[in-house]
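With numbering that gives the first Met the number 0, letter number 74 in the sequence shown gets 73, and the count goes up by one each step, no holes.
Positions of the beta carbon are idealized from the N, C-alpha and C atoms, including for glycine.
Keep in mind that this is a model prediction, so the values were computed, not measured.
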Amino acid sequence: MTAFVEPLNIARVERGEAGEEAQFLFRTWRENGGIIMPSSQMNYLSPKLMLFVPDQSQNDVPKTTFVGRQTTLRRFFPEAAEAAHPTRCLPIDYRQRQASGYSAAIAGEPWYDIQRTGDLLGRGAPDLTLERLILKFGTSAGFERLFCLIRVVTEHQRRDLSNPEHRQPCSQQRLGYRLAKLDRQTPNLSHECRRA
């Protein structure tokens, strides 16, 4: 499970290769020159957005000011909703890989990438392929925020036997199966389990 963040050309969003919500958000940003305008479509999209202060933290994501109810962060890390700094619930290795996208958006460049989390989110966390769009919006009064929209492209199955959420299929027991026969054929491993 290799983790990566691959920047993609923003033209892919323009050509319709991104999710519909990312296309809408980019189109709104471009048509309004980065100025946010109230609209019913933006109200619909707001639960899926995260907003950040456009100040670059050293090799980390900026301070979060809003995490929508339907964001990937809230879905997979519900404890983040109650935290003073929600993105700090994520491992630092993961956040550091995300930082360059925020730097580009702070500089006024739209950022679009595809990423795979692999095992960076920690034990028991899902392995996800994500699409991310970051744009800097402002108001006519000069108030600015980075708008981040993340869409789950694929939720990969982990083959982890110790994870109770991903149980392996069981084989059916055959008629006439004898435990005594199994005892004679299988070495006693109980002493090895105690050492682990």
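Asked	Found
Where residue 46 falls, given that 16 or more other Cβ within 10 Å makes a residue buried	exposed
DSSP beta-bridge partners of residue 147	49, 133
CB of residue 66 within 8 Å of CB of residue 79, strictly	yes
Contacting residues, own chain, Cβ-Cβ under 8 Å from residue 139 (five flanking each side not counted)	34
Cross-strand partners of residue 155 (DSSP beta bridge)	126
Contact between the segment 131–151 and the segment 103–117 (3+ Cβ pairs under 8 Å)	yes
Coarse secondary structure for residue 71, derived from DSSP in three states	helix
Residue 118 in three-state terms, based on DSSP	coil
Length of the line joining the Cα atoms of residue 11 and residue 60	24 Å
Whole-number beta carbon distance between residue 64 and residue 52, since they are thought to touch under 8 Å	6 Å
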